[in-house]
Each structure stands twice: as C-alpha cells, then as structure tokens.
Amino acid sequence: MVRKLPLLLVIASLAGLAIASPATAASERAQIASSRVVATPAVAQTSSGGLIAPTSACPGQDRLDAPAQAQVSTMRCMTDFARRQVGLSGLAYSAALEQSAAEKSADILRCDSFSHSACGREFSYWMREAGYTSAPCWRLGENLAFGTDAYGSVRAIFEAWMRSPSHRTNILGDFTELGVSVRAGTLSGRPETRIWTQHFGSRCPEPAA
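The numbering of the sequence shown is my numbering, which starts it at 21 and goes up by one.
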C-alpha cells in the first residue's frame, strides 16, 4: 500500500535594508527580520478581506495546469491588486529580480532546503549576482512558499502570504520593483511541489558619471 503524503503549504519571509558605497559594497551590512509560518489548508483557503483580487481581475488563480509564466503573471496581478487597494502603486517588472527569484527557487530544489539561505547562500546572493545591488543604495525583500497539489496554486500561496504579517509587509512594502518565480520539483520527498519566490527591491539612482 502506498502512503499518500498530506497536502502542505509552508511560507517564509525575509526583508532587509542594505546601503553601500563603492568603498563598502564588498562588505554590505543588512538589518534583517525573518519569520516562518506553516499554514493549514483551512488557513490557506481563507481570504484576506478586500486585498485578494477576484478572478475577474486576476484570472487563473487556481490553474495548476497553466504554464509557469502565466501563473507568475497572475501572482504579479494579485500583488499589484492588493497594493492598489491600500493606495500604493504597482511594482515594476525587474529582469534582475526575476532572474534572482528563479535562481532562489532552483536552489531550494537543488539543495532540498526550504530556507532563505538555501545552498548556504545569504538571502541577497542571487540579487547581487544578477546586478541588482550595483546601485549606491537599495532595499530588498524576499517571500518564499511551497505547496503541494491545490495548496501550490497562486491563490492558496498568495492568501497564506497575506495572512502573515511579515509577508504582507513585503507585499505592501516600500518597494518599486518585483521578480516572481514558480518551479515544480521534489522537496523533502514530496514530488510536484511548487516553489514560489518573490523578490522585492527598490534602488536609489546611479550617480552621475
């Protein structure tokens, strides 16, 4: 008899502020707050007031069979919808943050480690590798989640994030750009687990030449 693994949704968030000049960039300093929340299916399916977009505004929230990029677009839509409900502007697409989010999701699967420091890297490692921290100053944030079956859908993940104060703080935070990634693979013995990563950022302008 094959034992069926229970459905599971786990989320984790981390936000940091780092300021660097050319002389101190190699030894960046960050003030970081982190949390980890395990959500039950009942909690994952409970909405968060008027901040959760209806399907008419952000279609495909429960489409597990949709292409990854379509699911990412829906997650971005839901993030911007929540921000606009509280008077904030949407978050611009960042190729660097999109790349770093994808690399973080890959690390979690590659090293079988659901952690902000997966594969032994600090949380900002891939943001730095993608060139995002090349500006004189920046602000960074990271939301992570994994879910099995229906609890890996856009809606289940986003609702869990919004019910966690630290994740909600990132989503409604003082950021201007966003990168999102979702990857499916085996994590902790659970096949077809969806790994979600949101990378938030804002940067001050590059100095004039």
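In this text, a Cβ means the ideal position worked out from N, Cα and C, and glycines have one as well.
All of these numbers come straight from a predicted model, not from anything done at the bench.
**Request:** Give the straight-line distance between the Cα atoms of residue 148 and residue 126, rounded to the nearest whole angstrom.
**Result:** Distance between the alpha carbons of residue 148 and residue 126: 16 Å.
**Request:** Tell me whether residue 117 counts as near the ligand NAP, meaning its Cβ is closer than 6 Å to at least one heavy atom of that ligand.
**Result:** Of the ligands one can find in the structure shown there are none, so the ligand NAP has no counterpart to examine.
**Request:** Grab me the residues of residue 124's own chain with a C-beta within less than 6 Å of its C-beta, minus the 5 sequence neighbours each way, in chain order.
**Result:** Once the five neighbours on either side are set aside, the close Cβ partners of residue 124 are 146 and 217.
**Prompt:** Can you give the beta carbon distance from residue 121 to residue 199, rounded, assuming they're within the 8 Å contact cut?
**Reply:** Residue 121 to residue 199, Cβ: 4 Å. Contact.
**Helix, strand or coil at residue 105 [DSSP, three-state]** = Here DSSP, grouped into helix, strand and coil, assigns residue 105 to helix.
**Request:** Pick helix, strand or coil for residue 178, following the three-state DSSP scheme.
**Result:** Helix at residue 178.
**Item:** residue 201 - partner residues in DSSP beta bridges
**Value:** The partner list for residue 201 (beta bridge, DSSP) reads 217.
**Asked** Is the Cβ-Cβ distance between residue 215 and residue 166 less than 7 Å?
**Response** Yes.
**Item:** Environment of residue 224 [buried if 16+ CB atoms lie within 10 Å]
**Value:** Counting of Cβ neighbours within 10 angstroms places residue 224 among the exposed residues, the total staying below 16.
**Message:** Measuring straight from C-alpha to C-alpha, what distance separates residue 206 and residue 172?
**Reply:** Straight-line Cα distance between these residues: approximately 13 Å.
**Request:** State the DSSP-derived secondary structure class of residue 212, mapped to helix, strand or coil.
**Result:** Look at residue 212 here: in three-state DSSP terms it is strand.
**Extent of the continuous alpha helix (DSSP H) run through residue 149** = In the DSSP annotation of this structure, the continuous segment of the alpha helix (DSSP H) that includes residue 149 starts and ends at 145-149.
**Beta-ladder partner(s) of residue 113, from DSSP** = DSSP lists 198 as the bridge partner or partners of residue 113.
**Request:** Note down, in chain order, each residue of its chain lying with its Cβ closer than 7 Å to the Cβ of residue 100, except the 5 sequence neighbours on either side.
**Result:** When the five nearest sequence neighbours on each side are left out, the beta carbons in the same chain lying within less than 7 Å of the beta carbon of residue 100 are those of 110 and 111, in order along the chain.
**Prompt:** Residues in its own chain within less than 7 Å of residue 95 by CB, not counting five upstream and five downstream?
**Reply:** Answer for residue 95: 174, 178 and 200, listed in chain order.
**Request:** Under 8 Å by Cβ, that's how I've got residue 203 and residue 129 pegged, so tell me the actual separation to the nearest angstrom.
**Result:** Contact check for residue 203 and residue 129: beta-carbon distance about 6 Å, within the 8 Å limit, so the pair qualifies.
**Request:** Could you check the C-alpha separation between residue 170 and residue 76 for me, to the nearest Å?
**Result:** Taking the straight line joining both Cα atoms gives about 20 Å.
**Residues bridged to residue 168 [DSSP beta-bridge criterion]** = Answer is 213.
**Prompt:** What three-state label does DSSP hand residue 129 in the structure shown?
**Reply:** When DSSP states are grouped into helix, strand and coil, residue 129 belongs to the helix group.
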